[in-house]
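Below is one structure; the comments refer to it alone.
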Amino acid sequence: MTSIINWNELRKAMISEGRRRRGRENPADHWDKRAEEFNRSTKERNERTDWQVASMRLDPDYTVLDVGAGTGRLSVPMAKIVKHVTSIDQSGGMLSYLEVNMAEGGLSNYQCIQKRWEDVELGVDIELHDVVIASHSLGMFDLQEAVAKMNAAAKRRVYIFTSAGKWFFDDLEEELWERVYDRPPRRGGGFRSDYMLLYNILHDMGIYANVEIRDAEHVQRYGSLDEAVERWKTMREIPEENEPLLKDYLAKNLTEDGDGLIFRRRTKGAMIWWTKSESS
Ligand SMILES: C[S@@+](CC[C@H](N)C(=O)[O-])C[C@H]1O[C@@H](n2cnc3c(N)ncnc32)[C@H](O)[C@@H]1O
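Below, the structure is given as structure tokens:
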């Protein structure tokens with residue numbers, strides 16, 4: 120059957136605006152700048168991490184490939200379970216935190232590869248792995264090509280974690296997007312990482328994936344309003360002149376918690392997974 124909608128091209132159209140805006144900025148530089156703050160903030164997301172790792176039913180003799188592994192939020196707990204983890208990321212800054220986190224866990228059964236997934240060659244840079252995962256790391260322009268490579272790299276199963284609907288800050292931050300972040304309106308709103316796009320791309324590829332949707336809560340803690348402003352500025356690259364608007368927004372949305380302040384967001388995550396035998 121010929122598809123009426125070309126989902127891969129639709130997604131490309133949705134993300135191309137952001138790409139044009141960022142111009143020639145290397146995506147790896149973007150993540151290098153955010154690495155410290157990302158590492159700090161993800162250490163508070165334990166419940167979600169525990170669920171993700173438990174859901175993958177990993178075996179002690181498995182090898183796992185983590186695409187867009189970041190600071191190792193999943194690579195580190197997975198390395199505690201499986202035989203070997205290969206962590207690929209384009210950002211050296213993110214991977215250097217991954218190495219620190221592995222060392223803190225006393226783990227050495229892993230390998231880091233600093234490369235864009237698009238540039239990774241199967242059989243040259245990496246061998247096949249039992250399980251391939253990608254968690255909130257679908258920064259590839261051609262998603263169909265990227266997931267086809269993940270499928271080809273897996274011996275047993277592939278797991279992709281993304282959002283159902285808008286992701287964490289999209290809901291609350293939609294109003295900030297133009298006013299504070301100084302960015303043009305986004306095509307497709309905050310739905311560019313929605314699992315439906317990926318699900319349909321997979322379906323068109325003949326991969327009939329399983330989907331599990333789960334509530335996720337994201338709690339960020341700050342010592343003070345000034346600390347929250349600084350950390351948001353780093354994560355979201357907010358122009359200096361918009362700091363008063365940001366401060367105003369955070370003052371309205373942070374709630375007191377013990378000695379500090381918290382920012383609480385509820386969202387839904389999606390786990391899309393398939394076994395090699397179910398795929399064509
Ligand atoms: C939001 S972080 C997620 C990190 C980790 N997977 C997690 O769930 O905590 C996204 C990471 O994906 C990486 N990434 C995005 N697109 C990539 C690509 N095309 N090739 C390699 N890494 C990529 C980024 O560099 C960043 O470190």
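Numbered per the working numbering, the sequence shown finishes at 399, counting up by one with no gaps.
The C-beta atom is built at its ideal place from N, Cα and C for all residues, glycine as well.
Because the structure is a prediction, the values reported are computed rather than measured.
Count the other CB atoms, across all protein chains shown, that sit within 10 Å of the CB of residue i; report buried if there are 16 or more and exposed otherwise.
i           : result
residue 382 : buried
residue 394 : exposed
residue 399 : With a pLDDT of 46 at residue 399, under the threshold of 50, the modelled position of that residue is not reliable, and the figure given next carries that caveat. Residue 399 comes out exposed.
residue 244 : exposed
residue 281 : buried
residue 208 : buried
residue 176 : exposed
residue 182 : buried
residue 332 : exposed
residue 342 : exposed
residue 327 : exposed
residue 205 : buried
residue 127 : buried
residue 171 : buried
residue 220 : buried
residue 261 : exposed
residue 374 : exposed
residue 238 : exposed
Name the DSSP beta bridge partners of residue i, please?
i           : result
residue 389 : 281 and 332
residue 375 : 380
residue 394 : 276
residue 206 : 185 and 231
residue 313 : 282
residue 241 : 245
residue 266 : For residue 266, which the question treats as bridged, DSSP gives no partner whatsoever.
residue 253 : 186 and 279
Identify, in the order they occur along the chain, each residue of the same chain with its Cβ nearer than 7 Å to the Cβ of residue i, setting aside the five sequence neighbours on each side.
i           : result
residue 160 : 339
residue 335 : 167, 386, 387 and 388
residue 234 : 207, 209 and 244
residue 255 : 280 and 281
residue 135 : none
Please go through the same chain and pick out, in chain order, the residues whose beta-carbon is closer than 6 Å to the beta-carbon of residue i, but skip the five residues on each side of it.
i           : result
residue 323 : 122
residue 329 : 392
residue 132 : none
residue 263 : 127 and 320
Do we get a CB-CB distance below 8 Å when we pair residue i with the residues of chain D?
i           : result
residue 178 : Of the protein chains in the structure, only one exists, and it is not chain D.
Near residue i, which residues of its chain fall below 8 Å by C-beta distance, leaving aside the five closest residues on each side in sequence?
i           : result
residue 241 : 247, 268, 271 and 272
**Item:** ligand 1 site residues, beta-carbon cut 5 Å against heavy atoms
**Value:** 150, 187, 189, 192, 208, 209, 210, 213, 235, 236, 254, 255, 256, 258 and 259
**Prompt:** Taking only runs of the beta strand (DSSP E) that begin and end inside the segment 324-369, which ones reach a length of at least 3 residues, in chain order?
**Reply:** 329-341
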